[in-house]
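Trainee: Chains as they are written, first to last, in our numbering: chain A, 2 to 479; chain B, 358 to 523. The beta-carbon is built from N, C-alpha and C at its ideal position, and this holds for glycine as well.
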C-alpha cells in the first residue's frame, strides 16, 4: 500500500505524457486531485489505517518502506505545499508549454519527496534526495533567463559538493555497519570498534545535509535560488522541497538512526543558533521581499536545528511541529510575494512601498504569516517555538533558549517593517510607475486564505493537539 | 601484506592524480587526470573483486565522459600565456589551503589508522551477491529511482536546450 505513494504519481507522469490532448489539458486537475488524496490519506490515517494493508505489488517489487507519525506529518506537508504551488503556477505561469513542464517536474519532485519520507535505507534515501535536487534545478531554470540560470548554477555547484559529502558518508556507513538500512546503522553505533568510522560518516553526512537544508554557513545558494525561481517554484522550494531533502533527513537520522553524544550536540546547537541569528540579521537589511523571505527561512530552519541539538523527546516533537508550521506560513508569505509580483511586476520593497493597501486579502493574510513566523500567540508559530524554547530551558540550555527568544523579536522587527512599508501606508507615487501591473486571480487569493486559515486554526486548536498529534511524535525518538 | 601494500600504493596514486586533476590550469590536462583517476579506481575495484563495477567505471567514467569533455573543450578558445601565468598565480593564492587541509587530514587519519586495534575494512573484498544480482534482486527501489532520475534528466534537456532554441 505504501508503494502507491510513489507508483501512482509515476503512473500519472506517464499518462500525462501520452499524446492525448485532453489529458494534457486536464494535467493541473489530475495532479491537484492526486495531491488532495495524499492530504486526505495523511489526515485520515488514524481513522482508516491504510498502512496496515498489505503491499498490492509486494510480490513484484521489493520495497522497504515504512510509515510512522513523522512520515504522516511529512506526507501531509508535502501534499499541502505541492497543491498550493500547483495553484500558484496555474495563476502565474503564462505559457501553456511551461505550465505543462512545471506539472511534470512537480510530480517528479513529489515522487522524490514521498520516497524520502517512506524509505528506511540510507542509500535509497540518497537516490531520492538527488531526484528532488535534479527536479528543483530544472524548476528554478524554468524561465531560462540569466538570473534563473545563475540561481540554478549556484544550487547545482553546492548541491554537487553536498552529494560528495553524502556519498562519502554512505561509504563510511557501509564500512562500519555492513548494511545501509537504518536499523543496521543504528546497531553499529553500539559497536565501539566502529566508533571512529561512524563519527567520520556522521560528520560527512551532516555537512551534506546542512548544504541541502541551507543551514548557515552553508546557505550560499538559498537566496539566489529562491529569488530567481518563478513564484510557484519559490513556494515549493521554500515550503517543502529543501526542507524534506535536508531538514527531514536530519530529523529522521537524529530521531531513529544516530546516537547523539555531547560534542555532536554542541555542534548542532551552535549551527542552529548561528543560523537563527545570521538569517534574522541579514533579513533586516534586505530590500527585496523574496530575498528577505529566503533569509527568514534560514533563520527559521535554525530553530528546528536548535531543537535537534537539544536532543530530548520534547524538543524533537517541537522540531517536527515547527517544520510543519514553517512550511505553511512560509508558503503563505511566498504566495503573498507572488500576488504582489503578479499585481505590481516586482518584489522590490522600494517599488512596492505604500502600494499594498490596494490588496486587502494579501495584506491580512500576510499579517497572519508574519505574526506566526515571529511567534505571536495564539498563532501556530507561537506554540512550536514555545515547545522548542521550553525544551531548551528544561535541558539547561539557557543561553540557546535566550538566543531563540531574542531572535523572535528580531523576526518581528523585520517583518513589521515589511508589513508597514507595503501594506500599512499609502504611497504618494502612482501605480503606473511600476511595470506590468496585473490583477491577481481568485485561485491565488484562495491559496492565501486557505494557508492563513491553516495557520490560525492550527494555533487555535493547539490545546487539543498535544495528545493526538504532537506528543506521539516523541515515540519516533529513540 | 603484499596485497595491502599494492592497495595502499594505488590509493596514494589515486589521491595524487585526483589532486593534479583539480589543480592543473589546462582543461585538457584535467580531463586526462580525470580519466587516469577513473582508470586507477577501476584497478582498485577489480582487485576488490568487483569486475562489473570496474568495467563500468573504466568504460563510462574513463572513456565516455572523457570524450564528452574533450568535445566540449574543443568549443573553447585558448588564452594567452600572460593570462595563463596570472591565473596560475591567482589559483595558487586562492587555494593554498587545500594541500594544507589534505596533509592535516592525512596526518590525523594516519595517527588513528596506525593504532594496533584498528583494522582496515576497505581491504575486505566484495562478498555475497554480485552487483547485477544485488541490483535486480534487492534494490528495486533504487532502480525505480534511476528511472525517475532519467525522466527528470529528459525534462531538463527538453526545457533547457530544445525549448531555448525555440
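Output yes or no for whether 8 Å exceeds the beta carbon distance between residue 117 of chain A and residue 198 of chain A.
Mentor: For residue 117 of chain A and residue 198 of chain A, no; Cβs fall outside 8 Å.
Trainee: Looking at residue 227 of chain A: is its Cβ nearer than 8 Å to the Cβ of residue 147 of chain A?
Mentor: No; because the gap between Cβ atoms is not below 8 Å, this pair is not in contact.
Trainee: Taking Cβ to Cβ, would you say residue 256 of chain A is nearer than 8 Å to residue 119 of chain A?
Mentor: For residue 256 of chain A and residue 119 of chain A, no; Cβs fall outside 8 Å.
Trainee: In whole angstroms, give me the CA-to-CA distance for residue 463 of chain A and residue 458 of chain B.
Mentor: Each residue's Cα considered, the two are about 50 Å apart.
Trainee: Given residue 174 of chain A, which residues of its chain have a CB within under 7 Å of its CB, disregarding the five upstream and five downstream residues?
Mentor: Excluding sequence neighbours, residue 174 of chain A sits near 123, 181, 186 and 202.
Trainee: If you measure between the beta carbons of residue 132 of chain A and residue 142 of chain A, is that distance less than 8 Å?
Mentor: Not a contact, by the Cβ cut-off of 8 Å.
Trainee: For a test of the three-state rule: what should DSSP assign to residue 120 of chain A, helix, strand or coil?
Mentor: Note: residue 120 of chain A maps to strand in three-state DSSP.
Trainee: CB-CB under 8 Å to residue 383 of chain A, same chain, minus the five flanking residues each way: which ones, in chain order?
Mentor: Cβ neighbours of residue 383 of chain A beyond the five flanking positions: 373, 376, 377 and 460.
Trainee: Using the rule of at least 16 other Cβ atoms within 10 Å of the residue's Cβ for burial, across every protein chain shown, is residue 505 of chain B buried or exposed?
Mentor: Buried: at least 16 other Cβ atoms inside 10 Å.
Trainee: Verify the CB distance criterion: does residue 136 of chain A have a CB-CB separation below 8 Å to chain B?
Mentor: Taking Cβ atoms only, chain B reaches closer than 8 Å to residue 136 of chain A, which makes this a yes.
Trainee: Would residue 296 of chain A and residue 222 of chain A be called neighbours here (beta carbons separated by less than 8 Å)?
Mentor: No, the pair does not count as a contact, with Cβ atoms beyond the cut-off.
Trainee: Could you check whether the Cβ of residue 128 of chain A sits closer than 8 Å to any Cβ belonging to chain B?
Mentor: Judged by the 8 Å Cβ criterion, residue 128 of chain A is in contact with chain B.
Trainee: Mapping the DSSP letters down to three states, classify residue 492 of chain B as helix, strand or coil.
Mentor: Helix at residue 492 of chain B.
Trainee: When you compare the CB of residue 67 of chain A with every CB in chain B, is at least one pair closer than 8 Å?
Mentor: Answer no: the Cβ-Cβ gap between residue 67 of chain A and chain B never drops below 8 Å.
Trainee: Are the CB atoms of residue 212 of chain A and residue 248 of chain A within a distance shorter than 8 Å?
Mentor: No, the pair does not count as a contact, with Cβ atoms beyond the cut-off.
Trainee: Do you know offhand how far residue 364 of chain A's Cα is from residue 62 of chain A's?
Mentor: If you take the alpha carbons of residue 364 of chain A and residue 62 of chain A, they lie about 50 Å apart.
Trainee: Please check the pair residue 330 of chain A and residue 385 of chain A, which I expect to be a contact at CB under 8 Å, by giving their CB distance rounded to whole angstroms.
Mentor: In fact, because the Cβ distance is near 10 Å, the residues do not count as touching under 8 Å.
Trainee: Going by C-alpha to C-alpha distance, which of A:353, A:260, A:31 and A:158 sits closest to residue 200 of chain A?
Mentor: Answer by Cα proximity: A:260.
Trainee: Determine whether the beta carbon atoms of residue 104 of chain A and residue 17 of chain A lie at a separation below 8 Å.
Mentor: Yes, the pair counts as a contact, with Cβ atoms nearer than the cut-off.
Trainee: Applying a beta-carbon distance threshold of less than 8 Å, which residues of chain A neighbour residue 517 of chain B?
Mentor: 139, 142 and 145, listed in chain order.
Trainee: Output, in chain order, the set of chain B residues within a Cβ distance shorter than 8 Å of residue 125 of chain A.
Mentor: The answer, in chain order, is 496, 498, 499 and 502.
Trainee: Quick one: which chain A residues come within Cβ less than 8 Å of residue 463 of chain B?
Mentor: Residues of chain A passing the Cβ test: none, with the nearest at roughly 14 Å.
Trainee: Work out the CA separation of residue 501 of chain B and residue 129 of chain A for me, nearest whole Å.
Mentor: Going by the C-alpha atoms only, they are around 10 Å apart.
Trainee: Check residue 434 of chain A in the structure and name its three-state DSSP category.
Mentor: Unreliable positioning characterises residue 434 of chain A in this predicted model, as indicated by a pLDDT of 49, which lies under 50. A coordinate reading is not provided.
Trainee: Based on the DSSP secondary-structure assignment, which residues constitute the bridge partners of residue 192 of chain A?
Mentor: The partner list for residue 192 of chain A (beta bridge, DSSP) is empty, contrary to what the question assumes.
Trainee: Flag this pair as touching only if the stretch 84-99 of chain A and the stretch 441-461 of chain A have three or more C-beta atom pairs under 8 Å; answer yes or no.
Mentor: Yes, since at least three Cβ pairs between the stretch 84-99 of chain A and the stretch 441-461 of chain A fall closer than 8 Å, the two stretches touch.
Trainee: Would a C-beta distance cut-off of 8 Å place residue 299 of chain A and residue 273 of chain A closer than the cut-off?
Mentor: Not in contact: residue 299 of chain A and residue 273 of chain A (Cβ atoms no closer than 8 Å).
Trainee: Can you pull the chain B residues whose beta carbon is under 7 Å from the beta carbon of residue 199 of chain A, in chain order?
Mentor: Chain B residues near residue 199 of chain A: none, gap ~12 Å exceeds 7 Å.
Trainee: Name the DSSP bridge partner or partners of residue 182 of chain A?
Mentor: Answer is A:122.
Trainee: So, is the C-beta of residue 449 of chain A closer than 8 Å to a C-beta in chain B?
Mentor: So, not an interface residue.
Trainee: Is there a Cβ from chain A that is less than 8 Å from the Cβ of residue 513 of chain B?
Mentor: Yes, because at least one Cβ of chain A sits closer than 8 Å to the Cβ of residue 513 of chain B.
Trainee: Roughly how many angstroms separate the alpha carbons of residue 366 of chain A and residue 336 of chain A, rounded to a whole number?
Mentor: If I take the Cα positions, the gap works out to 10 Å.
Trainee: What residue from A:397, A:176, A:14 and A:7 has the CA that sits closest to residue 488 of chain A's CA?
Mentor: Lying before the first or after the last residue shown, residue 488 of chain A is absent from chain A, which here runs from 2 to 479.
Trainee: Report yes or no: is there a C-beta of chain A within less than 8 Å of the C-beta of residue 374 of chain B?
Mentor: No, residue 374 of chain B does not count as interfacial toward chain A.
Trainee: Just the Cα atoms here: how many angstroms apart are residue 152 of chain A and residue 194 of chain A?
Mentor: If you take the alpha carbons of residue 152 of chain A and residue 194 of chain A, they lie about 44 Å apart.
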